[in-house]
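A.B. asks:
Number of protein chains: 2
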Amino acid sequence: MIRFYNGKVLTMDGSMDLTDQEVWTLKDKIFYVGPAREDAPVFDREVDLRGDMLIPGFKNAHAHSAMTFLRSYADDLPLQSWLFDKVFPLEARLTPDDVYALTKLAILEYLAGGITSAFDMYYKREAFVEASLECGFRMVLNGALAAGDDWTVGESDCEKFNAMGPLISYIPGIHAEYTASTDLLAFMKGLVDRTKKPFFTHNSETKKEVEECIARHGMTPTALFDKSGLLEHGGGGFHCVWLTWEDMEIFRKRGLWAVSCPASNSKLASGVAPIAEMQRRGVKLALGTDGPASNNALNMFREMYLECVLQKLREEDAAVCDASEVLRMACSNGAMAMGLDAECIRAGKLADLVVIDMHQPNMRPIHNPVKNLVYSGSNANVRLTMVGGKILYEDGVFHVGESAETIYERAEAATRRLTRE
Amino acid sequence: MIRFYNGKVLTMDGSMDLTDQEVWTLKDKIFYVGPAREDAPVFDREVDLRGDMLIPGFKNAHAHSAMTFLRSYADDLPLQSWLFDKVFPLEARLTPDDVYALTKLAILEYLAGGITSAFDMYYKREAFVEASLECGFRMVLNGALAAGDDWTVGESDCEKFNAMGPLISYIPGIHAEYTASTDLLAFMKGLVDRTKKPFFTHNSETKKEVEECIARHGMTPTALFDKSGLLEHGGGGFHCVWLTWEDMEIFRKRGLWAVSCPASNSKLASGVAPIAEMQRRGVKLALGTDGPASNNALNMFREMYLECVLQKLREEDAAVCDASEVLRMACSNGAMAMGLDAECIRAGKLADLVVIDMHQPNMRPIHNPVKNLVYSGSNANVRLTMVGGKILYEDGVFHVGESAETIYERAEAATRRLTRE
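First to last, the protein sequences are chains A and B. Residue numbering for the first sequence follows numbering that gives the first Met the number 0, starting at 0 and increasing by one per position. Residue numbering for the second sequence follows numbering that gives the first Met the number 0, starting at 0 and increasing by one per position.
1. Is the stretch 401-408 of chain A close to the stretch 314-326 of chain B, with three or more CB pairs under 8 Å?
2. Could you spell out where the beta strand (DSSP E) holding P171(A) opens and where it closes?
3. Whole angstroms is fine: what's the gap from E306(B)'s alpha carbon to L190(A)'s?
4. What did DSSP end up calling F237(A) once you bin it into helix, strand or coil?
5. Rounded to a whole number of angstroms, what is the C-alpha to C-alpha distance between S265(A) and W244(B)?
6. Compare the Cα-Cα distances from K206(A) to each of K196(A), S269(A), Q79(A), S259(A) and report the closest residue.
7. Could you tell me which residues DSSP pairs with T384(B) in its beta bridges?
8. Could you round the C-beta distance between F127(A) and A65(A) to whole angstroms and report it? I think they count as a contact, below 8 Å.
9. Using a 10 Å radius around the Cβ and a threshold of 16 neighbouring Cβ atoms, would you call V152(B) buried or exposed?
10. Against chain E, does L78(B) count as a neighbour if the rule is that its beta carbon must be under 9 Å from one of theirs?
11. What are the start and end residues of each continuous alpha helix (DSSP H) run of 4 or more residues lying completely inside the stretch 102-170 of chain A, in chain order?
12. Can you give me the Cβ contacts of F30(B) inside the same chain, cut-off strictly under 7 Å, excluding the 5 residues immediately before and after it?
13. In terms of alpha-carbon separation, which member of N202(B), M15(B), A185(B), H358(B) lies closest to L326(B)?
14. Using only the alpha-carbon positions, how far apart do R415(A) and D340(A) sit?
15. Would you mind working out which of G50(B), K26(B), A60(B), E37(B) sits nearest R44(B), comparing C-alpha positions?
16. Would you verify that the beta carbon of G112(B) is, or is not, closer than 9 Å to some beta carbon of chain A?
17. Give me the Cα-Cα distance between I249(B) and W256(A), rounded to the nearest whole angstrom.
18. Just to make sure I have the definition right: I need the residues of chain B whose C-beta is within less than 7 Å of the C-beta of T414(A). Which are they?
19. Is there a Cβ from chain A that is less than 9 Å from the Cβ of E426(B)?
20. Tell me the rounded alpha-carbon separation between A275(B) and Q310(B).
21. Rounded to the nearest angstrom, what separates S203(B) and A117(A) at their Cα positions?
22. For the alpha helix (DSSP H) holding P88(B), just list the boundary residues, first then last.
23. Nearest chain A C-beta to L107(B) closer than 9 Å, yes or no?
24. Quick one: which chain B residues come within Cβ less than 7 Å of E315(A)?
25. Could you tell me the alpha carbon to alpha carbon distance between R49(A) and A35(A), rounded to whole angstroms?
26. Which residues of the stretch 49-73 of chain A have a Cβ closer than 8 Å to any Cβ of chain B? Give them in chain order.
27. Is any heavy atom of the ligand ATP found at a distance shorter than 8 Å from the C-beta of L326(B)?
28. Which bits of chain B does A296(A) rub up against, with CB to CB less than 9 Å?
29. In chain B, what lies closer than 8 Å to V325(A) by C-beta?
30. What's the gap between the Cα of N294(B) and the Cα of R301(B)?
31. Report the partner residues of A257(A) according to the DSSP bridge assignment.
32. Mapping DSSP to helix, strand and coil, what is N59(B)?
33. Taking C-alpha atoms, which residue in G172(A), G235(A), K196(A) lies nearest to L286(A)?
34. I'd like to know if D84(B) contacts chain A, where contact means its C-beta is closer than 9 Å to some C-beta of that chain.
35. Checking contacts by CB at 9 Å: is E276(B) closer than that to chain A?
36. Could you list which residues in chain A have their beta carbon closer than 7 Å to that of A427(B), in chain order?
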């Protein structure tokens, strides 16, 4: 049993107020949240928060973790040459060993930034699951099937990965409308109906994607997925930059999650999603980094800041998109979108926790710790990251079964091989 | 004499390539840049870079450092109520002791983020100069006179602060057109003519500011300053969000510096400056954080990232505003705008240096360290900050004459007094 004491706890259980409670974890769950007790057990570890803040971990609700090998490989290029000349040719060379090595690098970055789980869409699923399990990191896989794939794997993957214990789970999905066929959509409907699972996919990331879908199907991607019966058990879309008002109404009615990726959408010049508009219309929102090829960091502090300020620019109103709502998106909503019982700090919830160092100049003065987190926080403020009750990162040191240098070297070697002319 | 060895040096002296040279500092200057030497002297300190990267420090070319007391005090509000209901009433209460305490807090944040100097515009100048000198931090003061001030102080301040040694200097200026009078502009012309100094001021931060100036004077702020003879010896403007093409031509012809503050402009919904357009037109550009009341961080990694991606959004083109140009803005151009001999790593230049930790996951793989810095770097990558040959920050510890906790407590006490109802 591990005890966190002598700090402030932002439970996000209802209110966004800070409390002076203690938090105890047992195995991979939160065991107790409340005042200090005389009858406390003997703890395996006691973490003195020294006035620091304990929060639910950040949930990265859209990622392609293994794309670390493309970080800083192809920046400042037009979108088409970035994708077709740089990204796709290199991805074609990826082996499972590469994905294993490159995912571990991403997991280190997650942990150093207080991210306790990722909703990952990538190839070679066994390899990135192995990397996650070895590190003790929590990963939700998204199906991400495309027209050329063997779809039957969707059925078996769903069963296999959902039987692997609490660190791994699987949610059906396709890569995107523009890489799907009518047959694939029909197959997905069958899978969703049989499993009663939600359905996630890239949706309306670029204007071109939506226009081409309308040309092909006479309707937007959202309308197509709805009409195809894929949204009967919920789910959502990644990016959602170019949703129409009618799309938003489908999202609202069906309780779908719009997962926003503001850094990637900005760097690729895809546009600014209508987040404030979706907030007003009651659409559920979460936040993700997308892959490191387009972002280029896996950093939820960046995403939170961008989400807020881009909305203020979009609507020419400094009052829209309140920071506390965006912090909820990053910590609580992501968990709900990903089907994780980790949206707040409460007994029985998953022990996915982060300690924020308040003894740094960017966190002072402490008028409002929530605004500090969103508007002046950075990775440098992450003191400790716990996933499933295990401390995987603390004071700059990773506890993931092997040294960070080993992981760096393996990822660099994979990258050298992949990028060799 | 201090030696940096065993790493990569981004000199920014001409090219943006990395070199394997050593760098030695003597007193407050760089003494030697070149290969390792047999005849090396006995060093006072040898910093093993272990493959890390040495760069010229970030220059924060627009700041109101002491506004730390307003961090997270008034976010997500419309601009007018932010300024008139929150900022101005509290600023009216500031004492020199407050400014001293609050500036020291900002200096810690600068150092932790690799910022080695700031171009500061604020009240109670003696107090923030005292804070800077005690910490060993480099500060360039901007006059920032307004209609209600005693202008004669402009003359004496210019003389006094420029005689205080290498850490402190002063450049004349007014707060902004909208707080100036015709008499003040005439006085400033005299001051600029007598001192042959450049002239800096807030310029075209908001659309309203430009429209009101046109209504008052029949021309934009830039045209007014030009016509008033204030730009004979160069200078520049802070923000420059709403410059017209004619304004840009004045900037280009006179070699003025447009100092961009993308985080503040975004958070206050002021707009996105036409940076890529200015690049194409040959306008000189630097980068600043503005004050922590509007940003809310003093973090040049944030500014660099935002500068790049906001231009890509503005022009709907992922290829504009290359990261290496923006890194130059942050490190080299800022020095030139501020009149500091610190724009690159070369013998004779000021020893204002930063070590970037490359042994962190967000910096791997190392395809392109410049793009890594801008697109995935964060304050967590700052390993060491040296100002004027003194190591003021290293491995999370500040060396500024007193403990960080003492500075936090003093700043918190000042903030409590200032914000008491």
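From the three backbone atoms N, C-alpha and C, an ideal C-beta is built for every residue, glycine too.
C.D. replies: From the atom records:
1. Judged by Cβ distances under 8 Å, the stretch 401-408 of chain A makes no contact with the stretch 314-326 of chain B, as fewer than three pairs qualify.
2. Here P171(A) belongs to no beta strand (DSSP E), and DSSP marks it neither H nor E.
3. Using only the alpha carbons, I get a separation of about 44 Å.
4. Note: F237(A) maps to strand in three-state DSSP.
5. Each residue's Cα considered, the two are about 25 Å apart.
6. Answer by Cα proximity: S269(A).
7. As computed with DSSP, T384(B) is found in a beta bridge with V353(B), Y392(B).
8. Between F127(A) and A65(A) a beta carbon distance of about 6 Å is seen, short of the 8 Å cut, so the two are scored as contacting.
9. Exposed, because fewer than 16 other Cβ atoms sit within 10 Å of the Cβ of V152(B).
10. Annotation note: the requested chain E is absent from the structure, which comprises protein chains A and B.
11. Counting whole runs of 4 or more residues, the stretch 102-170 of chain A contains the alpha helix (DSSP H) stretches 124-134, 151-160.
12. Excluding positions up to five away in sequence, the list reads M0, W23, T24, A346.
13. If we check each option's Cα against that of L326(B), M15(B) comes out closest.
14. The alpha-carbon atoms of R415(A) and D340(A) are separated by roughly 39 Å.
15. The alpha carbon of R44(B) has as its nearest neighbour, out of G50(B), K26(B), A60(B), E37(B), the alpha carbon of K26(B).
16. True, the Cβ-Cβ gap to chain A drops below 9 Å.
17. Answer to the nearest angstrom: the Cα atoms are 49 Å apart.
18. In chain order: P364.
19. As shown, chain B starts at 0 and ends at 420. That puts residue 426(B) outside it, with no answer to give.
20. The straight-line gap from Cα to Cα measures roughly 6 Å.
21. So the two alpha carbons sit approximately 42 Å from each other.
22. Looking at the DSSP string, the run of the alpha helix (DSSP H) that includes P88(B) is 87-90.
23. It does: the Cβ of L107(B) has a partner Cβ on chain A nearer than 9 Å.
24. Going along chain B in sequence order, the residues near E315(A) (Cβ under 7 Å) are A268.
25. A straight-line Cα-Cα distance of about 15 Å links R49(A) and A35(A).
26. Legend: CB atoms of the stretch 49-73 of chain A lying less than 8 Å from CB atoms of chain B belong to residues T67, F68, R70, S71, Y72.
27. The model on display carries no ligand, and the ligand ATP is accordingly not part of it.
28. The contacting residues are Y304, N361, Y374, S375, G376, S377.
29. For the C-beta of V325(A), not a single chain B residue is nearer than 8 Å; the gap to the nearest is close to 10 Å.
30. Near 10 Å, if we compare the C-alpha coordinates of R301(B) and N294(B).
31. Under DSSP, A257(A) shares a beta bridge with G236(A), L284(A).
32. Reduced to three states, the DSSP call for N59(B) is strand.
33. For the options G172(A), G235(A), K196(A), the alpha carbon positioned closest to that of L286(A) is the one of G235(A).
34. Cβ-Cβ to chain A under 9 Å: no for D84(B).
35. Chain A, which has no Cβ nearer than 9 Å to the Cβ of E276(B), makes this no.
36. The requested residue 427(B) does not occur in the structure, where chain B is confined to residues 0 to 420.
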